[in-house]
Amino acid sequence: EGAVDCSLLCERLERADVRRLAGLAGWFEPSTYLEIGDMWKRFGARLGFPGQIGGGETIGVFRNRDTARQSFEHLAGVRIISDASIPSEFEVWDLAPQAYLVFRQMLTEEPLHLQVMAAQAEIAGLVTRAGYHRIDADDLQIYPANFKLGSGGWLEHWIPVDD
326 EGAVDCSLLC ERLERADVRR LAGLAGWFEP STYLEIGDMW KRFGARLGFP GQIGGGETIG
386 VFRNRDTARQ SFEHLAGVRI ISDASIPSEF EVWDLAPQAY LVFRQMLTEE PLHLQVMAAQ
446 AEIAGLVTRA GYHRIDADDL QIYPANFKLG SGGWLEHWIP VDD
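Take 326 as the starting number for the sequence shown in my numbering and just add one per residue.
What follows is the structure, given as structure tokens:
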């Protein structure tokens, strides 16, 4: 087992307090995965509303995963203050305090969904090798405010673990 190549995935442990997110959500399975990108585009057009916090960072939340059916509920969201005046079509999800093993993925020019799928396949083994156990809770993908593909671009995978 060699060391993790930090140019691709770097790990750290984070503990997050309660967070309130708002955004567009839907239920997805293999036949509707391509609709996730459309949902994110619609969501991006609504950003910048009163009560949004996080400096432009966006967060993808995955919950209620059904591994047998390869389906899940997904939120394209941002952090908000408790009394934010969110767009009417947005849902609000409250995330409980949780420990996460965080993997920062450096991006190439390849299509994003292919890079994310490759990283997720690798992350399962990395969690175990790091000595943690993934738990059944919401997992996150965090995108920086200046998100881009290619040189200097990155996203983070927040995997819920027991600690």
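The C-beta atom is built at its ideal place from N, Cα and C for all residues, glycine as well. Quick caveat: nothing in here was measured; it's all calculated off a predicted structure.
**Message:** So, with DSSP's three-state summary, where would you put residue 329?
**Reply:** Counting from 1 along the sequence shown, the entry for residue 329 is found at position 4. With a pLDDT of 43 at residue 329, under the threshold of 50, the modelled position of that residue is not reliable, and the figure given next carries that caveat. Three-state DSSP puts residue 329 in coil, outside helix and strand.
**Backbone secondary structure at residue 406 - three-state DSSP** = Residue 406 sits at position 81 when you count from the first residue of the sequence shown. Residue 406 falls in the coil class under three-state DSSP.
**Message:** Using a Cβ-Cβ cutoff of less than 8 Å, which residues in the same chain neighbour residue 343 once the five nearest sequence positions on both sides are dropped?
**Reply:** Here the question's residue 343 lines up with position 18 in the sequence shown. The beta carbon of residue 343 is closer than 8 Å to those of 419, 420, 421, 422 in its chain, skipping five residues each way along the sequence.
**Asked** Could you give the residue range of the alpha helix (DSSP H) that holds residue 451?
**Response** The residue you call residue 451 lines up with position 126 of the sequence shown. Its alpha helix (DSSP H) spans residues 437 to 454.
**Prompt:** When the distance is taken between beta carbons, is residue 484 closer than 7 Å to residue 426?
**Reply:** Position 101 of the sequence shown, counted from the first residue, corresponds to residue 426. Position 159 of the sequence shown, counted from the first residue, corresponds to residue 484. Yes.
**Message:** If I measure Cβ to Cβ from residue 406 and keep anything under 7 Å in the same chain, skipping five residues before and after, which residues do I get?
**Reply:** The residue you call residue 406 lines up with position 81 of the sequence shown. Within the same chain, residue 406 has close Cβ partners 376, 378.
**Request:** State the Cα-Cα distance for the pair residue 469 and residue 361, rounded to the nearest angstrom.
**Result:** Here the question's residue 469 lines up with position 144 in the sequence shown. Here the question's residue 361 lines up with position 36 in the sequence shown. Taking the straight line from one Cα to the other gives about 18 Å.
**Item:** Presumed contact (8 Å Cβ cut-off) between residue 347 and residue 416, rounded CB distance
**Value:** What you label residue 347 is simply residue 22 of the sequence shown in a count that begins at 1. What you label residue 416 is simply residue 91 of the sequence shown in a count that begins at 1. That pair is a contact at about 7 Å.
**Item:** Inter-residue spacing [alpha-carbon to alpha-carbon] between residue 474 and residue 382
**Value:** Translated into the one-based positions of the sequence shown, residue 474 becomes position 149. Translated into the one-based positions of the sequence shown, residue 382 becomes position 57. Answer to the nearest angstrom: the Cα atoms are 15 Å apart.
**Prompt:** Under the three-state reduction of DSSP, which class applies to residue 378: helix, strand or coil?
**Reply:** Looking up residue 378 in the sequence shown gives position 53. DSSP places residue 378 in strand when its eight states are reduced to three.
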